[in-house]
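*Asks:*
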Amino acid sequence: MPRFFSYSTKAFCLLATTLLLSSCGNKTFTARYPVPANEIASPVSSLSTDQELLLEEAETEQSLTEELEALRHTGTWQQRNSSATLEQKEEITYDFPIVINEQVQAYLDLFQNKQKKQFALWLSRSGKYIPMFRKELRDAGLPEDLAYLAMIESGFSQRAYSRAKAVGLWQFIKGTGKQYNLEIDNYVDERRHAEKSTKAAVAFLSDLYADFGDWHLAVAAYNAGAGKIRRGMNRYKSNDFWSLAQHQYLPMETKRYVPKLIAAIIIAKNPEKYGFTNISYETALDYETLRVGPGLSLEAVALLCDANDKEIKRLNQELKTGKTPLNKSHYDVQIPPGSKKLAEANLPRLHSVVSTGYKTHVIGKTDTLSGICKLYNINKTTLLKINNLRSKTLIAGKHLRIPYNAINYRLLAEGNQGSLEANDLVLHKIRAGETISKIAKKYNVPASLIVSWNGLTSVHKIKAGQQLALYIEHTEVNEHQKKQSPSSVAVSTPDPDSSLIVLAEQKKFSLAKRAPAKTQISFYKVRQGDSLWAIARKFNLSPEQLKSWNNLKSNRIYPGIKLKINNV
């Protein structure tokens with residue numbers, strides 16, 4: 055895998071001599087001590103708790119142990135039979151140089167026996183990626199059999215990660231990924247993007263082959279780094295991988311990499327011969343793209359497309375938070391083929407609201423009010439009030455209701471985008487020094503939703519005097535609602551000193567104490583595709599204001615008519 059540093063592991067005690075696991079990357083190579091267990095257990099590069107987006111271990115300790123044990127009995131590493139004999143027997147052609155020796159045979163046996171279930175899973179997943187991989191390799195003039203390098207790297211998993219913190223189908227570490235133009239930040243990790251990471255891997259492999267002119271050496275360099283391989287060739291006067299592998303110079307991670315790839319190619323191209331029958335191959339990856347704004351959740355994208363949430367998440371594995379980046383004005387999400395027209399039509403109707411859901415905490419014997427508040431990031435007053443507690447004394451075994459922000463998405467009826475009576479519309483005028491983060495904290499809503507609600511190009515693109523719209527679901531909390539989970543309650547208490555106008559239940563009142571201003575009247579001519587909701591948002595008004603000023607009985611408007619706009 056494209057990594058730079060090395061590590062050792064306890065499993066290598068199986069070998070007579072100490073064998074270091076290496077990393078693969080570019081021109082540099084440095085040694086490293088074993089990675090602590092707590093580092094290995096923690097997925098890297100993921101900011102979501104969603105199971106569909108969490109990273110998964112690329113290689114288990116059990117698989118590694120089995121491989122090392124199998125290789126321990128193979129003897130000298132050397133090239134023996136060529137692919138010609140194998141092709142003649144199987145009537146299968148290869149464009150990657152195939153060698154049959156003791157090490158390759160060890161992997162053929164391992165994949166057919168101890169690791170058969172694992173290899174069958176890899177074969178099943180291969181159907182999703184191989185067509186795209188082959189096309190990219192073919193277009194670059196590289197051997198198409200290199201498509202199976204991703205099989206031994208990640209098991210064809212976009213969410214795979216290694217102890218060396220390599221990520222994705224092609225297992226790039228951050229430095230090499232960025233070198234090959236993969237974007238990696240708090241929001242996006244394109245090492246997990248199937249097509250973009252494949253283009254990067256193809257470019258990397260092209261560069262390595264240009265350096266070495268030999269595919270065995272090139273893929274060894276993909277794992278260990280070009281500098282490591284070149285220094286070994288110079289030290290031992292070697293010009294091929296197998297003679298270099300006879301020395302203790304190469305880490306076992308790199309030595310096993312080449313025969314493992316060869317064995318994977320042999321079986322994957324003729325699975326029935328090796329006992330892999332009735333494999334249910336996944337459908338080839340296919341998608342359209344939809345351009346959306348910042349901070350849009352993948353659940354909302356699924357609603358736009360009338361698709362399953364899991365399907366949308368599988369198509370957008372690179373989005374680490376499950377939302378489009380907040381630092382970009384737009385992002386092209388991947389959606390199921392054939393759904394783009396529907397999604398584009400639904401996009402203007404999409405509406406999101408913050409409400410409050412509840413989870414249950416069972417009080418433990420050692421629990422304290424402060425500890426529970428810290429655990430759930432909630433203040434004591436709120437916790438006591440929600441649970442109708444008059445005392446801070448807790449009773450073990452009793453249940454506490456814990457509130458949390460819940461974001462709900464809905465598609466408003468066509469031509470009825472202004473129908474938001476169930477929500478409070480809060481208009482917030484930005485003061486000097488305020489940030490989206492501060493405003494989000496003030497109203498207890500996610501910053502990403504403020505960006506989405508107001509069509510902002512970035513979480514940073516605001517200025518003093520600008521008006522923001524917030525949609526906060528509001529209902530009175532009664533005894534019936536307290537039994538529901540999740541239920542909706544007001545999630546913010548307006549600051550009486552702020553310049554706010556709250557529109558709720560068709561009543562308008564001002565919280566700011568200021569002198570009445572003169573009203574200026576202007577008009578807006580309705581265009582094709584306009585809705586009352588969209589026009590109201592354009593002028594920082596509510597649909598009810600427009601309806602009142604223009605004597606409208608419903609939200610229906612027609613192109614060509616003029617609407618009165620009262621600008622205060």
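Our numbering puts the first residue of the sequence shown at 55, with every later residue one more than the last.
Ideal Cβ placement from N, Cα and C applies to all residues, glycine included.
DSSP puts glycine 411 in a beta bridge; with which residues?
*Replies:* What you label residue 411 is simply residue 357 of the sequence shown in a count that begins at 1. BP columns for glycine 411 point to Tyr458.
*Asks:* Report the three-state DSSP secondary structure of tyrosine 311 (helix, strand or coil).
*Replies:* Taking the first residue of the sequence shown as position 1, residue 311 is located at position 257. Correct three-state label for tyrosine 311: helix.
*Asks:* Does the beta-carbon of isoleucine 589 have 16 or more other beta-carbons within 10 angstroms, so that it is buried, or is it exposed?
*Replies:* Locating residue 589 in the sequence shown gives position 535, where the first residue counts as 1. Answer is buried; the Cβ neighbour count reaches 16.
*Asks:* Going by C-alpha to C-alpha distance, which of Lys419, Gly509 and Ser406 sits closest to tyrosine 525?
*Replies:* In the sequence shown, residue 525 corresponds to position 471, counting from 1. Nearest of Lys419, Gly509 and Ser406 to tyrosine 525, Cα basis: Ser406.
*Asks:* Which residue comes first and which comes last in the alpha helix (DSSP H) that contains arginine 284?
*Replies:* Mapped onto the sequence shown, residue 284 falls at position 230. Start and end: 280 to 290.
*Asks:* Please go through the same chain and pick out, in chain order, the residues whose beta-carbon is closer than 7 Å to the beta-carbon of glycine 129, but skip the five residues on each side of it.
*Replies:* Here the question's residue 129 lines up with position 75 in the sequence shown. Around glycine 129: Glu156.
*Asks:* According to the neighbour-count rule (16 or more other Cβ atoms, all chains shown, within 10 Å of its Cβ), is serine 208 buried or exposed?
*Replies:* As a first step, residue 208 is located in the sequence shown; it is residue number 154 there, counting from the start. It counts as buried.
*Asks:* Give me, in chain order, the residues of the same chain whose beta-carbon lies closer than 6 Å to that of alanine 275; leave out the 5 immediate sequence neighbours on both sides.
*Replies:* In the sequence shown, residue 275 corresponds to position 221, counting from 1. Hits under 6 Å: Leu262 and Ile283.
*Asks:* Can you say whether isoleucine 449 is buried or exposed, counting buried as having 16 or more other CB atoms within 10 angstroms of its CB?
*Replies:* As a first step, residue 449 must be located in the sequence shown, where it is residue number 395. Answer is exposed; the Cβ neighbour count stays below 16.
*Asks:* Go to aspartate 193, then tell me how far its beta strand (DSSP E) extends in each direction, as first and last residue.
*Replies:* Taking the first residue of the sequence shown as 1, we reach residue 193 at position 139. Note, aspartate 193: premise wrong, no beta strand (DSSP E); alpha helix (DSSP H) at 170 to 193.
*Asks:* I believe leucine 357 touches leucine 466 by the beta-carbon criterion, under 8 Å. Please report the beta-carbon distance rounded to the nearest angstrom.
*Replies:* For the purposes of this step, residue 357 is taken as residue 303 along the sequence shown, with counting starting at 1. For the purposes of this step, residue 466 is taken as residue 412 along the sequence shown, with counting starting at 1. Taking C-beta atoms under 8 Å as the contact rule, leucine 357 and leucine 466 fail to qualify, at a distance of about 12 Å.
*Asks:* Count the other C-beta atoms from every protein chain shown that fall within 10 angstroms of the C-beta of aspartate 199, then say buried if there are 16 or more, exposed otherwise.
*Replies:* If you number the sequence shown from 1, residue 199 lands on position 145. Buried, by the Cβ-count rule.
*Asks:* For proline 570, does the three-state DSSP call read helix, strand or coil?
*Replies:* For the purposes of this step, residue 570 is taken as residue 516 along the sequence shown, with counting starting at 1. Note that proline 570 scores a pLDDT of 42, beneath 50, so its modelled location is shaky; the value from the coordinates is reported in the next line. Correct three-state label for proline 570: coil.
*Asks:* On the three-state DSSP scale, how would you describe aspartate 386?
*Replies:* For the purposes of this step, residue 386 is taken as residue 332 along the sequence shown, with counting starting at 1. Strand, per DSSP.
*Asks:* Nearest CA to the CA of histidine 453: which residue from Asn462, Thr435, Asn459 and Lys419?
*Replies:* If you number the sequence shown from 1, residue 453 lands on position 399. The shortest Cα separation from histidine 453 among Asn462, Thr435, Asn459 and Lys419 belongs to Lys419.
*Asks:* Does DSSP classify tyrosine 202 as helix, strand or coil?
*Replies:* By one-based count along the sequence shown, residue 202 stands at place 148. Tyrosine 202: helix per DSSP, three-state reduction.
*Asks:* Which residues share a DSSP beta bridge with serine 216?
*Replies:* The count along the sequence shown starts at 1 and reaches residue 216 at position 162. Note: serine 216 sits in no beta bridge, so no partner.
*Asks:* Just to confirm, are phenylalanine 210 and isoleucine 321 a CB contact at a threshold of 9 Å?
*Replies:* Looking up residue 210 in the sequence shown gives position 156. Looking up residue 321 in the sequence shown gives position 267. No, Cβ-Cβ distance for phenylalanine 210 and isoleucine 321 is not below 9 Å.
*Asks:* Assuming contact is defined by CB atoms lying nearer than 9 Å, are serine 393 and glutamate 353 in contact in what I supplied?
*Replies:* Locating residue 393 in the sequence shown gives position 339, where the first residue counts as 1. Locating residue 353 in the sequence shown gives position 299, where the first residue counts as 1. Against a cut-off of 9 Å, the Cβ pair of glutamate 353 and serine 393 comes out as no contact.
*Asks:* So, helix, strand or coil for isoleucine 238, using DSSP?
*Replies:* Your numbering for residue 238 matches position 184 in the sequence shown. Of the three classes helix, strand and coil, the one that applies to isoleucine 238 here is strand, per DSSP.
*Asks:* How would you write the range of the alpha helix (DSSP H) that valine 256 sits in, first residue to last?
*Replies:* Locating residue 256 in the sequence shown gives position 202, where the first residue counts as 1. From DSSP, the alpha helix (DSSP H) with valine 256 extends over 248 to 266.
*Asks:* Drop a sphere of 10 angstroms on the beta-carbon of phenylalanine 378, count the other beta-carbons inside from all chains shown, and report buried for 16 or more, exposed for fewer.
*Replies:* Counted from its first residue, the sequence shown places residue 378 at position 324. For clarity, residue 378 is threonine in the given sequence; the question names phenylalanine instead. It counts as buried.
*Asks:* Considering only the beta carbon of each residue, do alanine 248 and glutamine 105 sit closer than 9 Å?
*Replies:* The residue given as residue 248 occupies position 194 in the sequence shown. The residue given as residue 105 occupies position 51 in the sequence shown. No, they are not a contact pair.
*Asks:* Please classify glutamine 116 as buried or exposed, where buried requires at least 16 neighbouring CB atoms within 10 angstroms.
*Replies:* In the sequence shown, residue 116 corresponds to position 62, counting from 1. Exposed.
*Asks:* Can you name, in chain order, every residue of its own chain whose Cβ lies under 6 Å from the Cβ of leucine 369, other than the five neighbours on each side?
*Replies:* Taking the sequence shown and counting its residues from 1, the one referred to as residue 369 is at position 315. Once the five neighbours on either side are set aside, the close Cβ partners of leucine 369 are Tyr341 and Gln388.
*Asks:* Restricting to Cα atoms, I'd like to know which of Gln133, Tyr335, Ile316 and Ser292 is closest to isoleucine 178.
*Replies:* If you number the sequence shown from 1, residue 178 lands on position 124. The identity of residue 178 in the sequence shown is serine, whereas the question assumes isoleucine. It is Tyr335 whose Cα lies nearest to the Cα of serine 178.
*Asks:* Can you give me the start and stop residues for the beta strand (DSSP E) that threonine 147 sits inside?
*Replies:* Counting from 1 along the sequence shown, the entry for residue 147 is found at position 93. Per DSSP, threonine 147 belongs to no beta strand (DSSP E) and is neither H nor E.
*Asks:* Apart from the five residues on each side of it in sequence, which residues of its chain come closer than 7 Å, Cβ to Cβ, to asparagine 532?
*Replies:* By 1-based counting over the sequence shown, the position of residue 532 is 478. Residue placement at asparagine 532 is flagged as unreliable, the pLDDT there being 34, under the threshold of 50; the coordinate-derived value follows with that caveat. Within its own chain, no residue has a Cβ closer than 7 Å to the Cβ of asparagine 532 once the five positions on either side in sequence are excluded.
*Asks:* What number of angstroms, rounded off, separates the C-alpha of tyrosine 412 from the C-alpha of serine 180?
*Replies:* Position 358 of the sequence shown, counted from the start, is the residue given in the question as residue 412. Position 126 of the sequence shown, counted from the start, is the residue given in the question as residue 180. Taking the straight line joining both Cα atoms gives about 41 Å.
*Asks:* Name the DSSP bridge partner or partners of histidine 301?
*Replies:* Residue mapping note: residue 301 aligns to position 247 of the sequence shown, counting from 1. Its beta-bridge partners do not exist; DSSP assigns none.
*Asks:* Short of 7 Å in beta carbon distance, which residues of its chain neighbour valine 158, apart from the five on each side in sequence? Order them along the chain.
*Replies:* Start at 1 with the first residue of the sequence shown, and residue 158 comes out as number 104. Within the same chain, and ignoring the five residues on either side of valine 158 in sequence, the residues whose Cβ sits closer than 7 Å to its Cβ are Pro313, Ile316 and Ala317.
*Asks:* So, using beta-carbon positions, are arginine 245 and glycine 231 closer together than 9 Å?
*Replies:* In the sequence shown, residue 245 corresponds to position 191, counting from 1. In the sequence shown, residue 231 corresponds to position 177, counting from 1. Contact: yes.
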